[in-house]
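Residue numbers (UniProt numbering): 1 to 233.
Glycine is no exception: its CB is placed at the ideal position from the N, C-alpha and C atoms.
The structure presented is a predicted model; accordingly, all values stated were derived computationally and were not measured.
This is the structure we're talking about:
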C-alpha cells in the first residue's frame with residue numbers, strides 16, 4: 001500500500017508500482033486526491049494499481065477519527081461536507097475555541113490560532129499556537145519567551161501525538177534562574193472528549209490513569225454527533 005505525502009506525485013511512482021506487481025503483490029494507494037487527474041489515474045491503473053482509497057479530511061496534515069468524515073458511498077459527498085462535524089469544525093470554529101495567548105491576541109478574529117496541524121498535536125487541542133512569529137515578537141518586547149516540555153508520549157498509532165506543556169518565562173537568563181516560570185500552561189482535553197469550545201486543562205488524574213505515560217483518548221472514546229444521512233436543505 002502506498003500512502004503518505006501523495007505518493008503518486010513522485011516521479012518514479014509508476015516504476016515502484018510495477019516492481020511491486022512483478023514481485024507478486026497487489027498494489028493499492030490511499031490518497032487525499034490532491035493533484036489527481038484522469039491522466040494520472042489511468043497511468044496508475046496501467047502500471048498495476050488495483051485499489052485506491054480517498055480520505056475526506058478537514059485538513060490534509062491531520063488524520064484519525066476527529067478529522068476524517070464518513071463513507072461517501074454511504075452518505076454522499078455533499079452530506080459529508082455539509083453535515084459531518086469532522087469537516088465542519090474547521091469551517092465553523094470561531095474565537096470561542098481560542099485559549100491562552102491566542103484568545104487575547106489582536107489577530108484572534110482573523111487568525112483563529114493559525115494552523116490546527118501545529119497546535120493540536122502539541123497541546124492536545126486547537127486554539128493556542130505557540131509557534132507564531134507575531135506571538136514570539138510580542139513576548140520578546142515584554143522580555144519573555146516560551147518553550148515546551150513533554151508531558152505524555154505518543155501511543156504509536158497512525159496520526160497520534162504526544163502532549164506538551166507550555167512554559168512562559170523571562171528572556172533574561174538571570175531573571176529566569178531567580179524567578180522561575182511566569183506561567184505554566186498544561187495541555188488540554190482532546191476534541192474527542194469535548195468537541196467544541198476551548199476545552200479544559202488536563203489534570204494529574206487524567207494523565208495518571210494512562211498506561212506507560214501515553215497520551216490520552218483513543219478513537220473509540222470520542223463522542224461526536226452522528227453524520228447525517230442527507231445534506232441539510
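Three-state secondary structure (DSSP) at residue i?
| i | result |
| --- | --- |
| residue 95 | helix |
| residue 45 | helix |
| residue 60 | coil |
| residue 72 | helix |
| residue 137 | helix |
| residue 149 | strand |
| residue 82 | helix |
| residue 186 | coil |
| residue 53 | strand |
| residue 239 | The question about residue 239 has no answer here: the residues shown for the chain are numbered 1 through 233. |
Taking 6 Å as the limit between beta carbons, can you name the residues of its chain near residue i, skipping five residues before and five after?
| i | result |
| --- | --- |
| residue 26 | 50 |
| residue 212 | Residue placement at residue 212 is flagged as unreliable, the pLDDT there being 43, under the threshold of 50; the coordinate-derived value follows with that caveat. Excluding sequence neighbours, residue 212 sits near nothing in its chain. |
| residue 131 | 118 |
| residue 20 | 27 |
Among the options, which one has its Cα closest to the Cα of residue i?
| i | options | result |
| --- | --- | --- |
| residue 62 | 34, 21, 121 and 102 | 121 |
| residue 85 | 101, 57 and 109 | 57 |
| residue 103 | 117, 127, 118 and 116 | 127 |
| residue 91 | 54, 108, 119 and 81 | 81 |
| residue 123 | 155, 162 and 88 | 162 |
| residue 18 | 7, 44 and 148 | 44 |
| residue 52 | 31, 89, 65 and 60 | 31 |
For residue i, collect the residues of the same chain with a Cβ closer than 7 Å to its Cβ; drop the 5 residues on either side in sequence, then sort them by chain order.
| i | result |
| --- | --- |
| residue 171 | 140, 143, 144 and 145 |
| residue 69 | 56, 80, 84, 86, 87 and 227 |
| residue 89 | 58 |
Am I right that residue i and residue j are in contact with their C-beta atoms under 8 Å? What's the rounded C-beta distance?
| i | j | result |
| --- | --- | --- |
| residue 184 | residue 167 | 6 Å |
| residue 2 | residue 35 | Going by Cβ atoms, the distance from residue 2 to residue 35 rounds to 15 Å, so no, they are not a contact pair. |
| residue 236 | residue 95 | Shown here, the chain extends from 1 to 233; a query on residue 236 therefore has no answer. |
Would you give the residue range spanned by the alpha helix (DSSP H) that residue i belongs to?
| i | result |
| --- | --- |
| residue 173 | 173 to 179 |
| residue 19 | 13 to 22 |
| residue 119 | 116 to 123 |
Quick one: residues in its chain with C-beta nearer than 8 Å to the C-beta of residue i, no 5 flanking neighbours on either side, listed in chain order?
| i | result |
| --- | --- |
| residue 223 | With a pLDDT of 40 at residue 223, under the threshold of 50, the modelled position of this residue cannot be trusted; read the value that follows with caution. The answer, listed in chain order, is 192, 193 and 195. |
Looking at the secondary structure, which residues open and close the beta strand (DSSP E) in which residue i lies?
| i | result |
| --- | --- |
| residue 110 | Taken as a continuous stretch (DSSP letters only), residue 110 belongs to no beta strand (DSSP E), being part of the alpha helix (DSSP H) at 108 to 111. |
| residue 27 | 27 to 31 |
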